[in-house]
Amino acid sequence: MGVSNRILVLDGASRPGRDVVGGKGASISEMRALGLPVPPAFVLPIAECRRFHAADERLEPQVWDAVLGGIEYLEGETGRRFGDPASPLLVSVRSGAAVSMPGMMDTILNLGMTDAVERGLAALSGDPGFARETHVRFCAEFGDTVLGADVDPAGDDATADTVRAAVLADTGRPVPADPHEQLRAAILAVFRSWSSRRAIAYRRHWRIAEEGGTAVVVQAMVFGNLGQQSGTGVLFTRDPLSGALSPYGEWLPGGQGEDVVSGTHDPLPLASLAESLPGVHGQLLEAAELLERHHADVLDIEFTVERERLYLLQTRVAKRSPLAAVRFAADLVADGMIDPGVALGRVTPEQVQSVLSPTLRESAATGGATLARGVPACPGVASGTVAHDTAAAEDADGPVVLARPTTSPEDVAAMIAAVGVVTERGGSTSHAAVVTRALGRPSVVGVGDGETAGWAGREVTIDGTAGVVYDGILPTRTTRAGDVPGLADLIAWARERVQITLAAEHPRVLDLDAAGLRLEPERRSDPAALARAMCGAAAISGSVLGSAEGAQAAVRCGVPVIVPLPGQREEVLLLRLAQAGTGDMR
């Protein structure tokens, strides 16, 4: 139900779609409806973001009134009051677009902290250190995200006073002492982050519509930093690197969510949660199985544990390596969750091309000089010259490997330009790991502080499967379809749906490249011209068949035979043709 028509309460009574409340809001509502432990929340829908930008970034009075009604709802659900030191309610303010854009927009945690609330939280928790740390976290994050402060990270002895003073000195603007002023400013910052440089770069790469917008989710805080029986983590229902059936994830005792996804802390493997809190671990796996069956897809789940009590914060379709995408599709068919037609739509031709890319020769791996070892974050092999920043990565003439202490959303343009990524800090669910899996870039994270400092301009080879960085450009070997788990099934299903024969040669082949219908990356092919050239041909060949438009034209014209060019993998062409036949173009 909604407190007004300008916000929606995410209580599970209704199921608003992703296009209305974004992926995060929709997942909270779904999980509440399934009876899972989720902190209460409300959402400003995506339409409000569009209104905000259309109104020259002004929040209408009716929207703010609705937000105050939403806060009253959270107070009623939790028994706490926003800004009340005797029983404080703190909230997170988070973005949520219809299409997942992990880390691209803004989040502010622990909002509602004041000096009086810090004292109240210390008394209620019995842990003054927890209250001080929570206040410091809020001031630092608000200063960075909302005010644009560029200050040194807060040390262990920092206080809210020292952080506020640093933010004020850097920006000339104070961190507000009034919780309602904090909330309003945070909502505006999240709406504005839709138009940030990093978000625009991400949307352009993935061809996500610019006119969308983000919802704003306001959710009651739970505290993973409340002692060692608390913590935060991310669980994937299956391994997003290899595609293996086993759950996969990381856990950080005494941490909050941003500590894991930002890559600034090195979390523990999920097995450590099973050892320290077996009951919580069991509840988490039960919830993961329920959610995977409900969505018929592999998911990642952000969770927090507060004093041995499990809370799920959000779930979404998991970003996955190309290798995992292929295996997930085949295994979900075998598990009876999806049919082969759906499986074919779950894998892109680019992912198939990636898994068929060359791998390191065994002799190269054993004989190459190792520069660093870390956590495998996205499988595959990539070689190039090391760059340390976005400008160097984007301006390089040849293949570039981006090497950074850790990555943030500001590095996305460089990650897109690079062939691979290495970070000194972070785990397999950090920002670098999640984004490189989505991009299909081989990556190794957590190689150690300072390890990459002297690498600029050096040629290296990354093995993202083994988690190793080698000196120099190492030799590779060809990958066959049978080497990739699940690919043979996927190609067999594609063959059943494709009425076109792929042949090594044909006496009357029409060369589309010679006819001027080449695949040009900077210009989309003209479907009408393609159709005129293809229709009636006995056989065709050309680079344009590696595009969605080319495959679609071939299917529509009923071309009987395609002769692949050298370098065009038959498996990739088959998937494109199968998707063209079903209208699921990638």
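8 is the number of the first residue of the sequence shown in my numbering; add one for each residue after it.
Don't be surprised by glycine CBs; every beta carbon is placed ideally from N, CA and C.
Values in this document were obtained by computation on a predicted structure and should not be read as measured data.
Are residue i and residue j closer than 7 Å when you measure CB to CB?
i	j	result
alanine 463	valine 393	yes
glutamate 431	aspartate 456	yes
glycine 451	valine 426	Position check: residue 451 holds valine in this sequence, whereas glycine was assumed. It is not a contact, given that the beta carbons lie outside the stated cut-off.
glycine 240	phenylalanine 310	yes
methionine 111	alanine 206	yes
isoleucine 308	threonine 322	yes
leucine 17	valine 50	yes
aspartate 273	leucine 378	no
leucine 582	valine 359	yes
cysteine 146	arginine 180	no
arginine 334	leucine 233	no
alanine 538	glutamine 559	no
alanine 398	alanine 424	no
isoleucine 62	proline 92	With the sequence shown as reference, residue 62 is identified as alanine, and isoleucine is not the correct amino acid for it. Going by C-beta atoms, alanine 62 is not nearer than 7 Å to proline 92.
isoleucine 53	alanine 222	yes
valine 100	valine 182	no
Can you look up residue i in the DSSP assignment and give me helix, strand or coil?
i	result
glutamate 293	helix
alanine 227	strand
isoleucine 78	helix
glutamate 458	coil
glycine 256	strand
leucine 517	strand
arginine 411	strand
leucine 233	coil
arginine 13	coil
leucine 497	helix
threonine 443	helix
valine 50	strand
aspartate 490	helix
tryptophan 71	helix
alanine 93	coil
cysteine 385	strand
proline 276	strand
glutamate 357	helix
Apply the 10 Å Cβ neighbour rule to residue i and answer buried if 16 or more other Cβ atoms are within range, or exposed otherwise.
i	result
asparagine 602	Nothing about residue 602 can be read from this structure; the chain reaches only from 8 to 593.
isoleucine 14	buried
tryptophan 258	buried
proline 247	buried
tryptophan 213	exposed
leucine 252	exposed
aspartate 113	buried
arginine 245	buried
aspartate 338	buried
serine 237	buried
threonine 485	exposed
arginine 530	Because arginine 530 carries a pLDDT of 48, less than 50, the predicted location of this residue cannot be relied on, and the following value inherits that uncertainty. By the 10 Å Cβ count, arginine 530 comes out exposed.
aspartate 304	buried
glutamine 235	exposed
alanine 389	buried
aspartate 402	exposed
glutamate 55	buried
serine 21	exposed
glutamate 37	buried
arginine 515	exposed
serine 437	buried
arginine 444	buried
glutamine 506	exposed
Which residue wins for smallest C-alpha separation from residue i, given the options the options?
i	options	result
tryptophan 71	His187, Lys31 and Val182	His187
alanine 105	Val45, Ala216, Val16 and Phe59	Ala216
glycine 387	Leu367, Ala400 and Thr377	Leu367
leucine 330	Leu497, Asp402, Thr414 and Ala156	Leu497
serine 94	Glu125, Ala208 and Thr486	Glu125
leucine 128	Phe230, Asp177, Gly150 and Ala173	Phe230
valine 362	Ala192, Pro347, Cys385 and Gly381	Cys385
histidine 288	Ser249, Val312 and His302	Val312
glutamate 466	Ile480, Gly474, Arg504 and Val454	Ile480
serine 249	Val197, Thr472 and Arg87	Thr472
alanine 196	Ala173, Val153 and Tyr209	Val153
threonine 178	Gly150, Leu190 and Asp520	Gly150
aspartate 518	Arg211, Gln189 and Ala540	Ala540
histidine 302	Gly286, His60, His395 and Gly343	Gly343
valine 340	Trp500, Arg211, Gly453 and Gln290	Trp500
Can you confirm whether residue i, when its beta carbon is compared against all beta carbons of chain C, has any partner nearer than 7 Å?
i	result
threonine 443	You won't find chain C in this structure, because it holds only one protein chain.
task: Could you tell me whether the region 452-460 touches the region 543-550, where touching means 3 or more Cβ pairs closer than 8 Å?
output: no
message: Check whether the region 508-520 and the region 349-356 touch, using three or more Cβ-Cβ pairs below 8 Å as the test.
response: no
task: Assess, as a yes-or-no matter, whether the region 293-303 is touched by the region 270-280 under the definition of 3 or more beta carbon pairs within less than 8 Å.
output: no
message: I'd like to know if the region 408-421 and the region 191-210 are in contact, where contact means that at least 3 CB-CB pairs between them fall below 8 Å.
response: Enough Cβ pairs lie closer than 8 Å, so yes.
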